[in-house]
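Trainee:
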Amino acid sequence: MFRDICICSQFLSGAIPGTPVSVTGPFGKFVLSPGDLTGDRNLLFIATGSGIVPYMGFLKAILEKSNSKIMELGRILLLFGVQSPDTYLYRDTIERYVSDFNGRLTVIPCYSRYGVDSERGYVQDVILREMDMVKSLCSYGGLECSVYICGHKSMKNAVMESLMTVFEGDPKRNAIMNAVKVEVYE
1 MFRDICICSQ
11 FLSGAIPGTP
21 VSVTGPFGKF
31 VLSPGDLTGD
41 RNLLFIATGS
51 GIVPYMGFLK
61 AILEKSNSKI
71 MELGRILLLF
81 GVQSPDTYLY
91 RDTIERYVSD
101 FNGRLTVIPC
111 YSRYGVDSER
121 GYVQDVILRE
131 MDMVKSLCSY
141 GGLECSVYIC
151 GHKSMKNAVM
161 ESLMTVFEGD
171 PKRNAIMNAV
181 KVEVYE
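Numbering follows UniProt numbering, with no gaps: position 165 of the sequence shown is 165.
#1: Quick check: the Cα distance between Ile-76 and Pro-17, rounded to an integer number of angstroms?
#2: Determine the direct distance from the alpha carbon of Tyr-111 to that of residue 192, and round the result to whole angstroms.
#3: State the DSSP-derived secondary structure class of Ile-176, mapped to helix, strand or coil.
#4: With a CB to CB cut of under 8 angstroms and the five nearest residues on each side skipped, what residues in its chain are close to Leu-63?
#5: Below 8 angstroms, how does it come out for the stretch 78 to 87 and the stretch 179 to 186: are there three or more Cβ pairs, yes or no?
#6: Am I right that Cys-150 and Pro-54 are in contact with their C-beta atoms under 8 angstroms? What's the rounded C-beta distance?
#7: Taking the alpha carbon of Asp-132 as the reference point, which residue from Asp-170, Val-21, Glu-183 and Val-23 has its own alpha carbon closest?
#8: Find the nearest neighbour of Asp-86 within the set Pro-109, Arg-104, Leu-37 and Thr-38, judged by alpha-carbon distance.
#9: Using 8 angstroms for Cβ pairs, my map puts Leu-137 next to Leu-73. What's the rounded Cβ distance?
#10: In this structure, what does DSSP give as the bridge partners for Tyr-111?
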């Protein structure tokens, strides 16, 4: 049984059994770069909705490598845009990862339709509100920072604009922005 909380879930719960459904991907293009598994860089993950799914695999792979002492960990910031706490996918697993990463993983849920105005916002709004944290991540420990964006295509440009604002005046701005890895869906 599907919970009627997201677009796909609503469609599937209302579909007549046997209804043909077209799906695409994944195509394996949105993956962690090999350099991002060495632990010598910090990671900024930005997701909306089901765009969280690739990050679950990323976090698992990073955790497995760090637990086997193959790598030391940089810091990871995950900004996850969802409508409300009821639509927060993988909440239990993410909370466990926060604990397992021993302070190296920070997760900020971005609720677009829940809470008071000072707490609400789309991921692009939260990037600006948490500008100091994002800047700090991208310079923490003198490490480079890799940025990944995954989610609905409607947020890509706004997120990129927010990141441009965050890194305004930073000599590494162009290098950071040119290296952003993006996977969007309709």
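The C-beta atom is built at its ideal place from N, Cα and C for all residues, glycine as well.
Being a predicted model, the structure only gives us computed values, none of them experimental.
Mentor: On the basis of the data shown:
#1: Taking the sequence shown and counting its residues from 1, one reaches residue 76 at position 76. Taking the sequence shown and counting its residues from 1, one reaches residue 17 at position 17. If I take the Cα positions, the gap works out to 42 angstroms.
#2: Here the chain has residues from 1 to 186 only, and residue 192 is not among them.
#3: Counted from its first residue, the sequence shown places residue 176 at position 176. Of the three classes helix, strand and coil, the one that applies to Ile-176 here is helix, per DSSP.
#4: For the purposes of this step, residue 63 is identified with residue 63 of the sequence shown, where counting begins at 1. Answer for Leu-63: Tyr-97, Asp-100 and Phe-101, listed in chain order.
#5: no
#6: The sequence position of residue 150 within the sequence shown is 150, counting from 1. The sequence position of residue 54 within the sequence shown is 54, counting from 1. Yes, Cys-150 and Pro-54 are in contact; Cβ-Cβ is about 5 angstroms, under 8 angstroms.
#7: Start at 1 with the first residue of the sequence shown, and residue 132 comes out as number 132. When each option's Cα is compared against that of Asp-132, the closest is Asp-170.
#8: Your numbering for residue 86 matches position 86 in the sequence shown. Closest by alpha carbon: Pro-109.
#9: Stepping through the sequence shown from its first residue, residue 137 is reached at position 137. Stepping through the sequence shown from its first residue, residue 73 is reached at position 73. Wrong, their Cβ atoms sit about 13 angstroms apart, outside the cutoff.
#10: Here residue 111 refers to the residue found at position 111 of the sequence shown. DSSP, once it has assigned bridges, lists Val-82 as partnering Tyr-111.
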